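Undergrad:
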Amino acid sequence: MLNQPPIWFILIAFLCALGPLVFLHELGHYAVGRLFRVGADSFSIGFGPEIAGWTDKRGTRWKLGLLPLGGYVRFTGDADATSRPGAEPLSEERQAKSFHLKPVWQRFLIVLAGPAANFLIAILIFAGFFMTLGMPKSPPVVGKVVPGSVAAAIGIQAGDRITTIAGRSIGTFEDIYRTVSLRPDQQVVIIIVRGGTLRAVETRLGSEEIKDNYGQAARKGLLGITPASRVFERPPLIQVLPLAAQYTFTITRWMVDGLGQVITGQRSVKELGGTLKMAQIAGQQAALGPFEFFQLVALFSINLGFINLLPVPMLDGGHLVFYAVEAVRRRPVSERAQEWAFRGGLALIFALLMFTTFNDLGSFGVWARLGQLIG
């Protein structure tokens, strides 16, 4: 088991992983806003009091906030960092640059540009990996069946090709691993091909608690097979970006799958991690090497884009829902409805932050140690 990196290393690794992702996310909003001639009063990385900044010739204040847990672009006409319309009357010059006076389709694209930038970052990182190391593309063919495993019990044999698990199409052995890992102890249908004949088998997957190099425990599903071969292919240059985009989409789909399992109770809510857990993982991956760290950055970027697309007021996804409703109704959602939605969204985000922080501290053993002291 590896030793945990020091706190200072974890903090630096976390800021190096999250800081550029937040900056590029907000830069996506800013760049598309500039394209549509929307003014920006401030561009902030972090929240709270300003610790450093400068003002450009267009009047935009670029700054660093005390709390490095996100960022925002405050466009002309915004009341605050949540991009709600301000109540103060605007001059004619500022009206021409006001975000809220632009057509709804332009506002929609400006908001969408932030999450899109995060997905683009992940695509570019994976494209770099595929060009240098190759793309993991092991065929979904069974090489060996572990004796006494679930696979052995249901008659899977070496040479079988697995095409579907739990309704998920399987293209590579890596797909098998991801699909099974997310479903410990779940009842699933597995479709295999043997000698040109399809065979469907229903079974309950196994499970085990595993620990990584730093002793962190996680529960994953088990089937009990190994690949016939491990293959990394370097795709033709013209296919690199489309394949990287497909790979990013696949990972996003697994995130949706995992979140759905938490919501439906198939996975424990204790598995939800927050900022502290992200910081710890960033430090651990950075300690393992640059390859592992940049791979984590790509996953963080997908996660940031995905979370921001959730239809929660205050997040980008919540704004997109409002603009979609406005486009259909041909008039904005009432200010009162938006106000209540933003308050609810703020409460939800705050509650989620507190809950995930509680989980993070529990995973670090804080509550167990307190229990020992009290006991």
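Take numbering that gives the first Met the number 0: the last position of the sequence shown gets the number 374, and nothing is skipped along the way.
Quick reminder that beta carbons are idealized off the backbone N, C-alpha and C, glycines included.
Small disclaimer: the values here were computed from a predicted structure and weren't measured.
(1) If you count every other CB in all the chains shown that lies within 10 Å of the CB of LYS143, and 16 or more means buried, which is it?
(2) With DSSP as the reference, label PRO310 as helix, strand or coil.
(3) Below 8 Å on the Cβ atoms is my contact criterion, and I expect PRO67 with GLY38 to pass it. Report the Cβ-Cβ distance as a whole number of Å.
(4) In whole angstroms, give me the CA-to-CA distance for LEU221 and VAL179.
(5) Is GLY32 helix, strand or coil by DSSP?
(6) Do you know offhand how far PHE305's Cα is from LEU351's?
(7) Please go through the same chain and pick out, in chain order, the residues whose beta-carbon is closer than 7 Å to the beta-carbon of PRO331, but skip the five residues on each side of it.
(8) Is it the case that the Cβ atoms of ALA112 and VAL296 are separated by a distance below 9 Å?
(9) Classify ALA227 as helix, strand or coil using the three-state DSSP reduction.
(10) Looking at the structure shown, is GLU87 part of a helix, part of a strand, or coil, going by DSSP?
(11) Within the continuous alpha helix (DSSP H) that includes ARG177, where are the two ends?
(12) DSSP three-state label for LYS96, please.
(13) DSSP has GLY52 in a bridge; who is on the other side?
(14) For ALA199, would you say it is in contact with chain D, using Cβ-to-Cβ distances shorter than 9 Å as the test?
(15) List the endpoints of the continuous beta strand (DSSP E) containing GLN186.
(16) Can the beta-carbon of HIS99 be found less than 9 Å from the beta-carbon of ASN307?
(17) Considering Cα atoms alone, identify which of THR196, SER148, GLN260 and GLY194 is closest to ILE224.
(18) Using the C-alpha atoms, what's the distance from ASP315 back to LYS56?
(19) Who are the near neighbours of LEU347 in its chain, counting only those whose CB is closer than 7 Å to its CB and skipping five residues on each side?
(20) Which residue comes first and which comes last in the alpha helix (DSSP H) that contains LEU197?
(21) With the cut-off set at 9 Å, would you say GLU207 and ARG218 are in Cβ contact?
(22) Quick test of your reading: GLU232 and GLY133, contact by CB under 8 Å. State the CB separation rounded to the nearest angstrom.
(23) Buried or exposed: ALA131, going by 16 or more other Cβ atoms within 10 Å of its Cβ?
(24) Can you give me the Cβ contacts of GLU49 inside the same chain, cut-off strictly under 6 Å, excluding the 5 residues immediately before and after it?
(25) Within 10 angstroms of its Cβ, does PRO102 collect 16 or more other Cβ (buried), or is it exposed?
(26) So what does DSSP say about LEU222, is it helix, strand or coil?
(27) Do MET254 and the ligand HEM come close, with the Cβ less than 8 Å from some heavy atom?
(28) Quick check on the DSSP output: what are the complete beta strand (DSSP E) runs of length 3 or more inside the stretch 127 to 177, in order along the chain?
(29) Smallest Cα separation from VAL141: which of ARG160, GLU338, PRO135 and LEU123?
(30) Assign THR263 to one of two classes, buried (16 or more other C-beta atoms within 10 Å of its C-beta) or exposed (fewer than that).
(31) On the three-pair Cβ rule with 8 Å, is the stretch 117 to 127 touching the stretch 243 to 262?
(32) If you run the structure through DSSP and keep just helix, strand and coil, what is ALA78?
(33) Under a Cβ-count criterion, where at least 16 other Cβ atoms within 10 Å of its own Cβ denotes burial, should SER333 be classed as buried or exposed?
(34) Pick out whichever of LEU181, VAL21, PRO139 and PHE349 has its Cα sitting closest to the Cα of VAL255.
(35) Taking the alpha-carbon of PHE293 as reference, which of ASN117, SER43, PHE349 and PHE128 has the nearest alpha-carbon?
TA: From the atom records:
(1) The count along the sequence shown starts at 1 and reaches residue 143 at position 144. Note on LYS143: under 16 other CB atoms within 10 angstroms of its CB, so exposed under the neighbour-count rule.
(2) Mapped onto the sequence shown, residue 310 falls at position 311. PRO310: coil per DSSP, three-state reduction.
(3) If you number the sequence shown from 1, residue 67 lands on position 68. If you number the sequence shown from 1, residue 38 lands on position 39. Distance from PRO67 to GLY38 at the Cβ level is roughly 26 Å; contact not present, criterion being Cβ atoms closer than 8 Å.
(4) Start at 1 with the first residue of the sequence shown, and residue 221 comes out as number 222. Start at 1 with the first residue of the sequence shown, and residue 179 comes out as number 180. LEU221 and VAL179: Cα-Cα distance of roughly 6 Å.
(5) The residue given as residue 32 occupies position 33 in the sequence shown. In this structure, GLY32 counts as helix in the three-state DSSP scheme.
(6) Within the sequence shown, the letter at position 306 stands for residue 305. Within the sequence shown, the letter at position 352 stands for residue 351. Going from the Cα of PHE305 to the Cα of LEU351 covers about 16 Å.
(7) Position 332 of the sequence shown, counting from 1, holds the residue named residue 331. Around PRO331: GLU325.
(8) Within the sequence shown, the letter at position 113 stands for residue 112. Within the sequence shown, the letter at position 297 stands for residue 296. For ALA112 and VAL296, no; Cβs fall outside 9 Å.
(9) For the purposes of this step, residue 227 is taken as the residue at position 228 of the sequence shown. In the three-state reduction of the DSSP assignment, ALA227 falls in the coil class.
(10) In the sequence shown, the residue the question calls residue 87 occupies position 88. GLU87: coil per DSSP, three-state reduction.
(11) Numbered from its first residue, the sequence shown carries residue 177 at position 178. From DSSP, the alpha helix (DSSP H) with ARG177 extends over 172 to 180.
(12) Taking the first residue of the sequence shown as position 1, residue 96 is located at position 97. Residue state, collapsed to three classes: helix.
(13) Here residue 52 is taken as the residue at index 53 of the sequence shown, counted from 1. DSSP output for GLY52 lists LYS62 as bridge partner(s).
(14) The structure shown contains no chain D; it is built from a single protein chain.
(15) Working through the sequence shown from its first residue, we reach residue 186 at position 187. Following the DSSP letters along the chain, one finds GLN186 inside the beta strand (DSSP E) bounded by residues 186 to 193.
(16) Taking the sequence shown and counting its residues from 1, one reaches residue 99 at position 100. Taking the sequence shown and counting its residues from 1, one reaches residue 307 at position 308. For HIS99 and ASN307, no; Cβs fall outside 9 Å.
(17) As a position in the sequence shown, residue 224 is number 225, starting the count at 1. Answer by Cα proximity: SER148.
(18) Locating residue 56 in the sequence shown gives position 57, where the first residue counts as 1. Locating residue 315 in the sequence shown gives position 316, where the first residue counts as 1. A direct Cα-to-Cα measurement between LYS56 and ASP315 gives close to 28 Å.
(19) Here residue 347 is taken as the residue at index 348 of the sequence shown, counted from 1. Closer than 7 Å at the Cβ level, and outside the excluded window around LEU347, lie VAL311.
(20) As a first step, residue 197 is located in the sequence shown; it is residue number 198 there, counting from the start. Here LEU197 belongs to no alpha helix (DSSP H); instead the beta strand (DSSP E) covers 196 to 203.
(21) Numbered from 1 along the sequence shown, position 208 holds the residue referred to as residue 207. Numbered from 1 along the sequence shown, position 219 holds the residue referred to as residue 218. Yes; because the gap between Cβ atoms is below 9 Å, this pair is in contact.
(22) For the purposes of this step, residue 232 is identified with residue 233 of the sequence shown, where counting begins at 1. For the purposes of this step, residue 133 is identified with residue 134 of the sequence shown, where counting begins at 1. Right, the Cβ-Cβ distance comes to about 5 Å (below 8 Å), so this counts as a contact.
(23) Working through the sequence shown from its first residue, we reach residue 131 at position 132. According to the sequence shown, residue 131 is Thr rather than Ala. Counting Cβ neighbours within 10 Å, THR131 comes out exposed, since fewer than 16 surround it.
(24) To locate residue 49, count along the sequence shown from 1; it is residue 50. Within the same chain, LYS62 come within 6 Å of GLU49 by CB-CB distance, once the 5 residues on both sides are set aside.
(25) Locating residue 102 in the sequence shown gives position 103, where the first residue counts as 1. With fewer than 16 other beta carbons inside 10 angstroms of its own, PRO102 counts as exposed.
(26) For the purposes of this step, residue 222 is identified with residue 223 of the sequence shown, where counting begins at 1. Judged by DSSP in its simplified three-state form, LEU222 adopts coil rather than helix or strand.
(27) Although the ligand HEM was asked about, the structure shown includes no ligands whatsoever.
(28) Within the stretch 127 to 177, the complete beta strand (DSSP E) runs of at least 3 residues are 141 to 144 and 160 to 164.
(29) On the sequence shown, position 142 is the one that residue 141 refers to. Considering only alpha carbons, the answer is ARG160.
(30) By one-based count along the sequence shown, residue 263 stands at place 264. Exposed.
(31) Contact holds: three or more Cβ-Cβ distances are below 8 Å.
(32) In the sequence shown, the residue the question calls residue 78 occupies position 79. Residue state, collapsed to three classes: coil.
(33) Working through the sequence shown from its first residue, we reach residue 333 at position 334. By the neighbour-count definition (other C-beta atoms within 10 Å, threshold 16), SER333 is an exposed residue.
(34) By 1-based counting over the sequence shown, the position of residue 255 is 256. When each option's Cα is compared against that of VAL255, the closest is LEU181.
(35) Stepping through the sequence shown from its first residue, residue 293 is reached at position 294. When the alpha-carbon of PHE293 is set against those of ASN117, SER43, PHE349 and PHE128, the nearest one is in PHE128.
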